[in-house]
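Structure record follows, encoded as structure tokens.
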Amino acid sequence: MIAGGAVFPHRHLTGIEGLQPHEIAFLLDEAERWVEANRTHAKGDARLAGLTQINAFFENSTRTLLSFEIAGKRLGADVVNMHAAQSSVKKGETLIDTAQTLNAMRADILVIRHMSSGAVKLIADKVDCPVLNAGDGRHEHPTQALLDALTIRRRRGSIAGQRVVICGDLLHSRVARSNILSLTALAAEVRVCAPTTLMPPAIDRMFVTPFTDFDAALEGADVVMMLRLQNERMDGGYVPSPREFRLRYGLTPERLKRAKPDALVMHPGPMNRGIEIDSLVADGPQSAITEQVAMGVAVRMACLDVLTRRDRGVEGWA
Amino acid sequence: MTIAFTNARLVLPDGVVPGTLLVRDGAIVAVGSAETISDLPADATTVDCGGKLLAPGIVDCGVFRVDREACRRGGIVRVALMPDQSPVLDDPGIVQRAALVGKPDLWIHPLAAATRALAGKELAEMAFCQAAGARAVAIGRRWIADAQVMARVLSYAHDLGLVVITHAEDGGLVAGTVATAGETATRLGLAAAPAIAEALAVARDLLLAEETGARVHIRQVTTATALDLIRAAKRRGVAVTCGITPAHLHLSDNAMSDFRTFAHLSPPLRDESDRRACLAGIADGTIDVIASGHDPHGPEEKRLPFADAAAGMAGAETLLPLSLMLVRDGHVTLDRLFALLAANPARVLGLDSGTLTRGSPADLLLFDDRVPWQIDGESFASAGNTPFDGLPVQGRALRVWKGGREL
Chain A
1438 MIAGGAVFPH
1448 RHLTGIEGLQ
1458 PHEIAFLLDE
1468 AERWVEANRT
1478 HAKGDARLAG
1488 LTQINAFFEN
1498 STRTLLSFEI
1508 AGKRLGADVV
1518 NMHAAQSSVK
1528 KGETLIDTAQ
1538 TLNAMRADIL
1548 VIRHMSSGAV
1558 KLIADKVDCP
1568 VLNAGDGRHE
1578 HPTQALLDAL
1588 TIRRRRGSIA
1598 GQRVVICGDL
1608 LHSRVARSNI
1618 LSLTALAAEV
1628 RVCAPTTLMP
1638 PAIDRMFVTP
1648 FTDFDAALEG
1658 ADVVMMLRLQ
1668 NERMDGGYVP
1678 SPREFRLRYG
1688 LTPERLKRAK
1698 PDALVMHPGP
1708 MNRGIEIDSL
1718 VADGPQSAIT
1728 EQVAMGVAVR
1738 MACLDVLTRR
1748 DRGVEGWA
Chain B
773 MTIAFTNARL
783 VLPDGVVPGT
793 LLVRDGAIVA
803 VGSAETISDL
813 PADATTVDCG
823 GKLLAPGIVD
833 CGVFRVDREA
843 CRRGGIVRVA
853 LMPDQSPVLD
863 DPGIVQRAAL
873 VGKPDLWIHP
883 LAAATRALAG
893 KELAEMAFCQ
903 AAGARAVAIG
913 RRWIADAQVM
923 ARVLSYAHDL
933 GLVVITHAED
943 GGLVAGTVAT
953 AGETATRLGL
963 AAAPAIAEAL
973 AVARDLLLAE
983 ETGARVHIRQ
993 VTTATALDLI
1003 RAAKRRGVAV
1013 TCGITPAHLH
1023 LSDNAMSDFR
1033 TFAHLSPPLR
1043 DESDRRACLA
1053 GIADGTIDVI
1063 ASGHDPHGPE
1073 EKRLPFADAA
1083 AGMAGAETLL
1093 PLSLMLVRDG
1103 HVTLDRLFAL
1113 LAANPARVLG
1123 LDSGTLTRGS
1133 PADLLLFDDR
1143 VPWQIDGESF
1153 ASAGNTPFDG
1163 LPVQGRALRV
1173 WKGGREL
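As given, the protein sequences belong to chains A and B, one line each in that order. So that you can map any letter, position 38 of the first sequence is 1475 in my numbering, and since no number is skipped, the others follow by simple counting. So that you can map any letter, position 96 of the second sequence is 868 in my numbering, and since no number is skipped, the others follow by simple counting.
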């Protein structure tokens, strides 16, 4: 057993890239305890009391922001949200200046979402506190990948050897990239499925098997993970129409039968019901979609806790 | 006034020879071994070159900024200034002013915009701009989408004897992208276009050049497919030349890892097989010109998320040492390198410069091809946006003369 900070030596969590398999597993283990705690009435914990957590969201988000806010509050942190719409970013302030402003306010941990790939790393290089990536462009969304991995591990017993199909708009998806990195690191068999117009080039170099035929991809699947397709990409730019997308890539009850009978259905939300996923599937017995949301809070609590241990002087981490 | 450059190793078109070079009234009057030039005039000033290399001053075919100090340090005496300025070089008055701002230290040869405001729609006043000092016309760092407009640009420029300098990226394929499609771009989550965006543009422009008889210089060619098209076109007798910058010879797209915005270039860095094809294109003569593409950007334009950062690198100060790496690695000989850096770009621009021959202006570069140093962006004359920061290199300009006057 490796003790303390040696098991997770990273200052920031900017992505799954760069994490060792045992480090991912460590974060999942840490999250497990919060899953149980969150189910009780006494959800409070004060380990982050007195610390300031700033959620700086340069791109609109409801669920992720809420999830980080709840996670921080359950650990006793003073949580402050900064929305781009209310911020000086709209007045032309550069990202670096914003970062330095946040830094000067002595945040103890920054949670950042931004529409440009690489923006979170840029900020992480400029501030003195740990930075947690809540999604940067189409690059990474590490806590989503961790909550998905936790959901799979709890429901399927293990991640290694599971056949996971990720289907939808992979090209623009940070969720897909982070999930591919974490699931392949944890030895799952990952299949990706999309029309070629929505498939990232050279995706096979990330150790996944690409499919354009969803039916073929679903054969023998243990987990089916659907991605959201943005409305503006369904009107002829990447696919001809929503109904044609549903025809080829919609997860319907009939199609789901091609997967294993007990296959898990997942979606990072928000869903386009009736397009990439049918309500019967989304609300059906195989769906883990609401559980994902619950896992999200637990995973984010674990990440906030672990990343601040060094500064809090937790024994073995200082 | 006469200047005698003695004890030099002269970089001549057909080899490097020890000897003396004589300059009178700003022009080269004699080149040869010490014995053939025995009658040094009594009033001659002597410059002892100490056995170092004396070469034609570099002619840099395509810079985005006038940066006199960087050029002097880099051994560059003439630059072709891209029309992508503010305001755009599409008006005779602006062209004339651009031609003058470098004096007296730097020859600036403005490239006039081929279309008004570089918008790719209406022809600009090329003849007026030519009279105002434009040596060529260019489409800027963009793409003329309409083939009819491009055909007319080429035909009209051909009538005036002007070469058309093009940028080869199909505008549709590269719209909204900042990288070459491949593993690196996918891992970083950067919007990317397939490398054939270049060949697609080259193919169209070569056919139009062939059809119109116009002379075309493709400023940067960076992919194997496009080089093959150019090789074949040259064999057919199409009047095409092409160039490249050192970045595409020494770096591939994995230099973008960690979102290094200094590696955000236009065209973007390519994969390793394309980089090797470019080295082969240098060796076999398909590529005619090496240019700096000098485009200094300060932190306000580069310290941004990758996709939001400006494209381009500061290249003037590193053009010589990065090009000398090609000699060290055996891709070209030293005399051939100066064809790429001086003689060929001068020919593209129609200048009687670029070689150490009698009658040419005395644009001279004395350099040491051995001295080791480390590239340090912080020390650059203007901005230090170089993807080669920290790289140990060899070779540096020692002294530079423009028209016989030392800079």
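Glycine included, each C-beta is placed from N, C-alpha and C at the ideal position.
ask   = Is the Cβ of Thr-1745 (chain A) closer than 8 Å to any Cβ of chain B?
value = no
ask   = How would you label Ala-1625 (chain A), buried or exposed, when you count the other beta carbons within 10 angstroms and need 16 or more for buried?
value = Under the 10 Å beta carbon count, Ala-1625 (chain A) is surrounded by 16 or more other beta carbons and is classified as buried.
key: Chain-order list of residues whose beta-carbon lies under 6 Å from that of Asp-877 (chain B) (same chain, five-residue window excluded)   = Arg-840, Leu-1179
ask   = First and last residue of the beta strand (DSSP E) that includes Pro-1144 (chain B)?
value = 1136-1146
request  = Taking only the alpha-carbon atoms, compute the straight-line gap between Asp-1046 (chain B) and His-1103 (chain B) and give it to the nearest angstrom.
outcome  = 16 Å
Among A:Ala-1725, A:Met-1552, A:Ala-1556, nearest to Phe-1031 (chain B) - alpha-carbon criterion = A:Ala-1556
message = To be precise: take each residue of the segment 1057-1090 of chain B, compare its Cβ to all Cβ atoms of chain A, and keep it if any distance is under 9 Å. Which residues remain?
response = Pro-1071, Glu-1072, Arg-1075, Leu-1076, Pro-1077, Phe-1078, Ala-1079, Asp-1080
query = What residues from chain B crowd round Thr-1634 (chain A), counting only those whose CB sits closer than 8 Å?
reply = Below the 8 Å Cβ cutoff, chain B contributes no neighbours of Thr-1634 (chain A), its closest Cβ being approximately 13 Å away.
message = Against chain A, does Leu-960 (chain B) count as a neighbour if the rule is that its beta carbon must be under 8 Å from one of theirs?
response = yes
query = Which chain B residues sit within Cβ distance under 8 Å of Leu-1559 (chain A)?
reply = Phe-1031, Arg-1075, Leu-1076, Pro-1077
message = Among A:Ala-1739, A:His-1609, A:Ile-1726, whose alpha-carbon lies nearest the alpha-carbon of Glu-1577 (chain A)?
response = A:His-1609
Closer than 8 Å to chain A by CB, Ala-953 (chain B) = Chain A places a beta carbon closer than 8 Å to that of Ala-953 (chain B), counting this residue as a contact.
request  = Quick one: residues in its chain with C-beta nearer than 8 Å to the C-beta of Val-1165 (chain B), no 5 flanking neighbours on either side, listed in chain order?
outcome  = Thr-1090, Pro-1093, Leu-1094, Leu-1096, Met-1097, Pro-1144, Trp-1145, Gln-1146, Ile-1147
ask   = Going along the chain, which residues of the segment 977-998 of chain B sit with their C-beta nearer than 7 Å to a C-beta in chain A?
value = none
message = Using 8 Å as the cut-off, can you tell me whether the segment 1502-1513 of chain A makes contact with the segment 1475-1491 of chain A, which would need three or more C-beta pairs spanning the two stretches below that distance?
response = yes
key: For Gly-1673 (chain A), the nearest candidate out of A:Glu-1656, A:Pro-1632, A:Met-1708, A:Arg-1710 (CA to CA)   = A:Pro-1632
inquiry  = Any beta carbon of chain B sitting closer than 8 Å to that of Ser-1619 (chain A)?
reply    = With 8 Å as the cut-off, Ser-1619 (chain A) does not count as an interface residue toward chain B.
request  = Would you mind reading off the limits of the alpha helix (DSSP H) that contains Leu-1109 (chain B)?
outcome  = 1106-1110
message = Using the Cβ count rule (16 or more neighbours within 10 Å means buried), how would you classify Arg-1007 (chain B)?
response = exposed
request  = Kindly indicate if chain B contains any beta-carbon less than 8 Å away from that of Met-1438 (chain A).
outcome  = Confidence at Met-1438 (chain A) is low in this model, with a pLDDT of 44, below 50, so its placement is unreliable and no value can be given for it.
task = Would you mind sorting Arg-1108 (chain B) into buried or exposed? The rule is 16 or more other CB atoms within 10 Å of its CB.
result = Result: buried.
task = Evaluate the contact criterion for the segment 1692-1704 of chain A versus the segment 1714-1726 of chain A: three or more CB pairs, one atom per stretch, below 8 Å.
result = yes
ask   = With a Cβ-Cβ cutoff of 8 Å, do Ala-799 (chain B) and Ala-1134 (chain B) count as a contact?
value = Between Ala-799 (chain B) and Ala-1134 (chain B), the C-beta spacing is below 8 Å.
ask   = Which residues in the same chain have their Cβ closer than 7 Å to the Cβ of Pro-1579 (chain A), if we skip the five residues on either side of it in sequence?
value = These residues qualify, in order along the chain: Leu-1450, Gly-1452, Ile-1453, Asn-1570, Ser-1615.
message = Buried or exposed, going by whether 16 or more other CB atoms sit within 10 Å of the CB of Asp-862 (chain B)?
response = buried
request  = Spatial neighbours of Ala-780 (chain B) within its chain, please: CB distance less than 8 Å, with the 5 preceding and 5 following residues excluded, ordered by chain position.
outcome  = Pro-790, Gly-791, Thr-792, Leu-793, Cys-821, Gly-823, Lys-824, Leu-825, Leu-826, Leu-1138
message = Between which residues of its own chain and Pro-1159 (chain B) is the CB-CB distance below 7 Å, once the five residues before and five after are set aside?
response = Ala-1019, Leu-1023, Ala-1027, Arg-1032, Phe-1034, Ala-1035, Met-1085
message = Can you list, in chain order, the residues of its chain with a C-beta nearer than 7 Å to that of Lys-893 (chain B)? Leave out the 5 residues immediately preceding and following it.
response = Here Lys-893 (chain B) has Thr-887, Val-921 as same chain residues with Cβ atoms under 7 Å from its own Cβ, once five neighbours each way along the sequence are excluded.
In DSSP terms, what Met-1671 (chain A) is bridged to = DSSP lists no beta-bridge partner residue for Met-1671 (chain A).
ask   = Any residues in the segment 1534-1555 of chain A with a beta carbon nearer than 9 Å to a beta carbon of chain B? Which ones, in chain order?
value = His-1551, Met-1552, Ser-1553, Ser-1554, Gly-1555
inquiry  = Do Pro-855 (chain B) and Ala-899 (chain B) count as a contact pair if the criterion is CB distance below 8 Å?
reply    = no
message = Among A:Leu-1655, A:Gly-1721, A:Glu-1669, whose alpha-carbon lies nearest the alpha-carbon of Lys-1697 (chain A)?
response = A:Leu-1655
Outcome for Ala-947 (chain B) when other beta-carbon atoms lying within 10 angstroms are tallied against a minimum of 16 = That one is exposed.
key: Helix, strand or coil at Gly-1487 (chain A) [DSSP, three-state]   = Three-state result, Gly-1487 (chain A): coil.
query = Span of the alpha helix (DSSP H) holding Ile-866 (chain B)?
reply = 864-872
request  = Please confirm if the segment 970-983 of chain B is in contact with the segment 1049-1062 of chain B, defined as three or more CB-CB distances below 8 Å between the two stretches.
outcome  = no
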